[in-house]
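What follows is a short report on a single structure.
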Amino acid sequence: MSDILVQMQKDLYAGNFSEVETATKTALDLGMSAPEILNDGLIAGMDIVGRDFRAGDLFIPEVLMSAKAMHAGLEVLRPLLAESGAASQGKIVIGTVAGDLHDIGKNLVGMMLEGAGFEIIDLGTNVTPEQFVQAVSENVADVVGMSALLTTTMLSMKSTIEALQDAGLRDKVKVMVGGAPVTSKFAEDIGADRYAPDAGAAVDTARELVALK
Amino acid sequence: MTSKTLKPYLKYLSDSHIEEIHDGSLDLLENTGIMVDHQEGLEFLEKHGAKVDFQTKRARIPRQLVRRALETVPDRFTLAARNPEKDCPLIPGGRPYSRNGGGADFTIDLETGEFRPLLHADVKDYYKLMDALDGISFIAPVFGQDMPVLGRDILMLREAFGHTDKHIHLRAFTGESLKLMFEMAVIVAGGKKELKERPIVSLLEAPISPLKFLDVTVDALWLCGEYGIPLDVCVMPIAGGTGPMTMAGNIQLLNTEFLAGVVISQLANPGAPLQYAPRPMAMDMRTGFSLAGSVELGIMATAGAQMAHFYKVPVSLHGPWSDSMTHDGQSILERMYMNMMAALAGANVLVGAGMMQQSLVISHEQLVIDSEINHIAFRSVEGFEVNAERLAREVIDRVGPGGNFVADPHTYKFLRGERFEPTLQYRNSREAWEETGSKTMVDRAKEKALAILEEHQPNPLPEDIRKELDEFVPKALKSLEK
Ligand code: B12
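Chains F and C, in that order, are what the protein sequence lines are.
Position 65 of the first sequence, counted from 1, bears residue number 94 in our numbering, the numbering being contiguous throughout.
Position 124 of the second sequence, counted from 1, bears residue number 1470 in our numbering, the numbering being contiguous throughout.
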């Protein structure tokens, strides 16, 4: 691998975003292609970050800083990638379900997914089934992620899945759920595709779901 | 001369730290301000002299306003109980009281040990158990997942009234249900005036960190003032998440949020009873979870208690609390230090008995153990009496070198009262322990819980009140449906 990509990955790991941005430009100047820089530099770098996060060596804020660095590089590549359509890992609509205002976990999941290269459409809190349906259909989302922190609002996940069904969207979008009281058993019962217990797992799960599509 | 030992209050902040934090909060309120998602609330603050931007819902509160609000906060009040013997007077420098952690709706099954949703039948058992445990001074709700969602909070209060004559701490899902619950308390107290004089219920409300007050929070602050219901202003930034990563920054933020609550409450209802409830939490940086049992929380809460003492308001802190999945060693380790730090910080209320795993799970065994853990905390802040008789110089002289005290009249006289006698800590011989089945403390807690559930008869509501409540509740539930 070229020296510049090695250095880019190191800077990415350290969260040095201006260095990553500069390195991306330099790599282009050196004649590398945008997809090459994206895959062998940025995404490969984030994979190392992800590996060390899962091993417990990195903390969430460090991952987010690396993600910010990745985005600095990605911004440089975006106009070039748009042509080849390789800019995004997939589109994810995310929100906290109706009646629920807890958004800390949902935001964290959103940030981590964004860091991993997904395009996030965040609908905020207290999101009704209709609003989820509308956003999924308007954005042609790959995955919809729902968060609930109250046992009373968890049921709204079920209504949302039913609403997706009624709108004829259920087989076009993967459903991922989470939040402290949610379990994989519950996810299965309500017909969601996957449950993830935390933000790190949410990234892996989203990747799997997009790959399944 | 006889005198009590000193209050063993822990301190992290110096007087100048306290001044700096106080001043910093005034500064933040004046310059950064708070977001108030409540039109009337914004108008109210503007009327009192705050600078309000209605577009961004931002209210910047001048220092004089905060100072004025602080002047009317009462330094003491009583969490009254249906049975006055179980009243909890919150007094500066007074003894601490305790309650269970509120809001759990999962349980560890008492018979099988399996983790499962908490159900309506469990709710009754939990109230009954907590009614019997004397290390739990008053009771917060636990929720049954098989109960209707709409009005679940109201049904919980109905069950609580029927199963305990201790003070009851409320949790409301909506503003409407809150008002209905206060009306239920009016029935049980025997009138609105009687409820104000002896508030048999209290409430907890929390702004959203950082610096955001929802409409329901403002409504609750005002409604509590109107009914004279004591309110915990629960400020819970999660360090590294919704609050700064640094301990100092987290305290700076939560103190600012508390003062904003004081302003909204006191300017509307001067003298309304409220409690400072610093609940600093910490984001676990590997999972993002919000931790409840970590040593830094004890440190931050202690600093929070110092701020409460500075403002001369009662203070409630996280006491026996843990992130553990069940009532195991981790749980007992975490709750023991959390509770001791809180008690030694000078908390008026130690909150958390029974609660585990992200405040979702409660267990009978843990409640029984926590009743004991609370007693240990109560005992440790109580200190001891120092006077000539107790210093026992004469007795030491009488017994002399090489003698013993066991049969001395002085020992006989002070035999009871100097010590807390635990009911769960095993102190007998190994022989006796093995003969009685080699039970661990958790085994003993389980037995005690089963025995209480079998035998304990809570003090029932007077018949006329029961009738009136049972007429009121179905109507209340109906009115929510609209
Ligand atoms: C902070 C907090 C609040 C704040 C919320 C601020 C905010 N901006 O979100 C405030 C004060 C507003 C609040 C209010 C209430 N709360 Co609250 N709150 C909490 C608390 C302490 C922490 C929650 C949190 O943010 N954790 C940190 C985040 C990062 O964790 P997380 O959300 O679980 O997310 C992680 C995973 O679950 C997962 N995840 C989350 N979402 C998703 C989504 C997807 C798609 C995936 C894959 C993964 C995933 O990844 C995240 C990161 O790893 C919890 C107790 C606790 N310790 O958990 C109670 C708690 C959730 N609240 C509770 C209650 C009862 C309430 C109130 C009803 C109380 C009241 N009336 O006063 C109100 C309800 C308001 C409403 N309508 O929603 C109860 C719920 C009980 C239950 N089982 O239903 C709890 C458990 C506390 C308790 N025992 O009382 N609360």
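C-beta: ideal position from N, C-alpha, C; glycine also.
Point to revise | T234/F - DSSP class collapsed to helix/strand/coil | key: To locate residue 234/F, count along the first sequence from 1; it is residue 205. It is helical.
Check your understanding: What span of residues does the alpha helix (DSSP H) with G1607/C cover, start to end?
Key -> Taking the second sequence and counting its residues from 1, one reaches residue 1607/C at position 261. Note, G1607/C: alpha helix (DSSP H), 1593-1614.
**Study point:** Helix, strand or coil at M1671/C [DSSP, three-state]
**Key:** Counting from one through the second sequence, the residue named residue 1671/C turns up at place 325. Correct three-state label for M1671/C: coil.
Check your understanding: Which residues mark the beginning and the end of the beta strand (DSSP E) in which P1806/C is found?
Key -> Stepping through the second sequence from its first residue, residue 1806/C is reached at position 460. From DSSP, P1806/C is part of no beta strand (DSSP E); its letter is neither H nor E.
Check your understanding: Are the beta-carbon atoms of D1578/C and S1662/C separated by less than 7 Å?
Key -> Position 232 of the second sequence, counting from 1, holds the residue named residue 1578/C. Position 316 of the second sequence, counting from 1, holds the residue named residue 1662/C. Yes.
Practice item. Tell me, please, whether the CB atom of A73/F is closer than 7 Å to any CB atom in chain D? Key: Note that chain D does not occur in the displayed structure, where the protein chains are F and C.
Review point. So with Cβ pairs under 7 Å, would you call F88/F a contact of chain C?
Key: As a first step, residue 88/F is located in the first sequence; it is residue number 59 there, counting from the start. It does: the Cβ of F88/F has a partner Cβ on chain C nearer than 7 Å.
Point to revise | Per DSSP, cross-strand counterpart(s) of H1515/C | key: Locating residue 1515/C in the second sequence gives position 169, counting from the first residue. Looking at the DSSP assignment, H1515/C forms a beta bridge with S1548/C.
Practice item. Taking 7 Å as the cut-off, decide whether the C-beta atoms of P1660/C and Q1612/C are in contact. Key: Numbered from 1 along the second sequence, position 314 holds the residue referred to as residue 1660/C. Numbered from 1 along the second sequence, position 266 holds the residue referred to as residue 1612/C. No; because the gap between Cβ atoms is not below 7 Å, this pair is not in contact.
Point to revise | Proximal chain C residues relative to G85/F, where beta-carbon distance stays under 9 Å | key: As a first step, residue 85/F is located in the first sequence; it is residue number 56 there, counting from the start. Here the neighbours are R1632.
Check your understanding: Just by C-beta distance, which residues in the region 1578-1602 of chain C are closer than 9 Å to chain F?
Key -> I1584, G1586, G1587, T1588, M1591
Review point. How far does the alpha helix (DSSP H) with Q1621/C in it reach, from first residue to last?
Key: Locating residue 1621/C in the second sequence gives position 275, where the first residue counts as 1. Not the alpha helix (DSSP H): Q1621/C falls in the beta strand (DSSP E), residues 1620-1624.
**Study point:** 9 Å Cβ cut-off: residues of chain C touching A111/F
**Key:** What you label residue 111/F is simply residue 82 of the first sequence in a count that begins at 1. Ordered by position in chain C, no residue passes the 9 Å Cβ test against A111/F, which lies about 32 Å from the chain.
Exercise for review: Count the other C-beta atoms from every protein chain shown that fall within 10 angstroms of the C-beta of N1750/C, then say buried if there are 16 or more, exposed otherwise.
Suggested key: As a first step, residue 1750/C is located in the second sequence; it is residue number 404 there, counting from the start. With fewer than 16 other Cβ atoms within 10 Å, it is exposed.
Exercise for review: Leaving aside the five residues before and after A1614/C along the sequence, list all residues of the same chain whose C-beta is less than 6 Å from its C-beta, in chain order.
Suggested key: The residue given as residue 1614/C occupies position 268 in the second sequence. Correct list, in chain order: W1568, G1571.
Practice item. Compare the C-beta of D227/F against all C-beta atoms of chain C and say whether one is closer than 7 Å. Key: By 1-based counting over the first sequence, the position of residue 227/F is 198. So yes, D227/F belongs to the interface.
Exercise for review: Could you please tell me which residues of the region 1483-1510 of chain C, in chain order, have their CB closer than 8 Å to any CB of chain F?
Suggested key: F1489, Q1491, V1495, R1498
Review point. Mapping DSSP to helix, strand and coil, what is D86/F?
Key: For the purposes of this step, residue 86/F is taken as the residue at position 57 of the first sequence. Look at D86/F here: in three-state DSSP terms it is coil, with no helix or strand label.
Review point. Just the Cα atoms here: how many angstroms apart are T182/F and V172/F?
Key: Residue mapping note: residue 182/F aligns to position 153 of the first sequence, counting from 1. Residue mapping note: residue 172/F aligns to position 143 of the first sequence, counting from 1. Linking T182/F to V172/F through their CA atoms gives a straight-line distance of about 20 Å.
Practice item. Could you tell me if the beta carbon of M183/F falls within a distance shorter than 6 Å of some heavy atom in the ligand B12? Key: If you number the first sequence from 1, residue 183/F lands on position 154. Every heavy atom of the ligand B12 is 6 Å or more from the Cβ of M183/F, so no.
Exercise for review: Just the chain F side, please: which residues come within less than 9 Å of L1706/C by C-beta, in chain order?
Suggested key: For the purposes of this step, residue 1706/C is identified with residue 360 of the second sequence, where counting begins at 1. When 9 Å is used as the limit between beta carbons, L1706/C is near these residues of chain F: T180, A209, P210, in chain order.
Check your understanding: From what residue to what residue does the alpha helix (DSSP H) around D1361/C run?
Key -> Working through the second sequence from its first residue, we reach residue 1361/C at position 15. Taken as a continuous stretch (DSSP letters only), the alpha helix (DSSP H) holding D1361/C covers 1361-1377.
Practice item. At 7 Å on the CB atoms, spell out the chain F contacts of D1451/C, in chain order. Key: Taking the first residue of the second sequence as 1, we reach residue 1451/C at position 105. Those within 7 Å of D1451/C in chain F are T180.
Check your understanding: R1681/C: beta carbon under 6 Å from a heavy atom of the ligand B12?
Key -> Sequence index remark: in the second sequence, residue 1681/C carries index 335 (1-based). No - the ligand B12 has no heavy atom lying nearer than 6 Å to the Cβ of R1681/C.
Practice item. Identify which residue in G139/F, G144/F, I123/F, I72/F has its Cα closest to the Cα of M186/F. Key: The residue you call residue 186/F lines up with position 157 of the first sequence. Out of G139/F, G144/F, I123/F, I72/F, I123/F has the C-alpha closest to the C-alpha of M186/F.
Exercise for review: Give a single yes or no on whether K135/F has its beta carbon closer than 6 Å to a heavy atom of the ligand B12.
Suggested key: Counting from 1 along the first sequence, the entry for residue 135/F is found at position 106. With a cut-off of 6 Å, the C-beta of K135/F is classified as near the ligand B12, since at least one heavy atom of the ligand falls inside that distance.
Check your understanding: Of the residues G1607/C, D1361/C, R1498/C, P1420/C, which one's Cα is nearest the Cα of L1391/C?
Key -> Within the second sequence, residue 1391/C is the residue found at index 45, counting from 1. For the set G1607/C, D1361/C, R1498/C, P1420/C, the Cα lying nearest the Cα of L1391/C is the one of G1607/C.
Review point. Taking 6 Å as the cut-off, does the CB of D132/F come closer than this to any heavy atom belonging to the ligand B12?
Key: Position 103 of the first sequence holds residue 132/F. Yes, the Cβ of D132/F comes within 6 Å of a heavy atom of the ligand B12.
Review point. Any Cβ of chain C within less than 7 Å of the Cβ of I123/F?
Key: The residue you call residue 123/F lines up with position 94 of the first sequence. For I123/F, the answer is no, since every Cβ of chain C falls outside 7 Å of its Cβ.
**Study point:** M1493/C to K1538/C span [Cα, whole Å]
**Key:** The residue labelled residue 1493/C in the question sits at position 147 within the second sequence. The residue labelled residue 1538/C in the question sits at position 192 within the second sequence. Each residue's alpha carbon lies about 29 Å from the other.
Practice item. Starting from the beta carbon of L137/F, find every residue of chain C whose beta carbon is closer than 7 Å, and list them in chain order. Key: Counted from its first residue, the first sequence places residue 137/F at position 108. The answer, in chain order, is G1634.
**Study point:** Inside the region 1488-1542 of chain C only - alpha helix (DSSP H) runs reaching at least 4 residues
**Key:** 1498-1509, 1521-1535
Point to revise | Opposing strand residues paired with Y1758/C [DSSP bridges] | key: Here the question's residue 1758/C lines up with position 412 in the second sequence. Beta-bridge pairing links Y1758/C to no other residue.
Check your understanding: Which residues in the same chain have their Cβ closer than 6 Å to the Cβ of P1487/C, if we skip the five residues on either side of it in sequence?
Key -> If you number the second sequence from 1, residue 1487/C lands on position 141. Counting only Cβ-Cβ distances below 6 Å, and skipping sequence neighbours, we find G1448, M1502, R1517.
Review point. Hey, how far is the Cα of N1446/C from the Cα of P1747/C?
Key: Along the second sequence, one-based indexing puts residue 1446/C at 100. Along the second sequence, one-based indexing puts residue 1747/C at 401. One C-alpha to the other measures close to 49 Å.
Practice item. Output the distance between the C-alpha atoms of E1801/C and K1474/C, rounded to the nearest integer angstrom. Key: If you number the second sequence from 1, residue 1801/C lands on position 455. If you number the second sequence from 1, residue 1474/C lands on position 128. Take the alpha-carbon of E1801/C and the one of K1474/C: they are about 10 Å apart.
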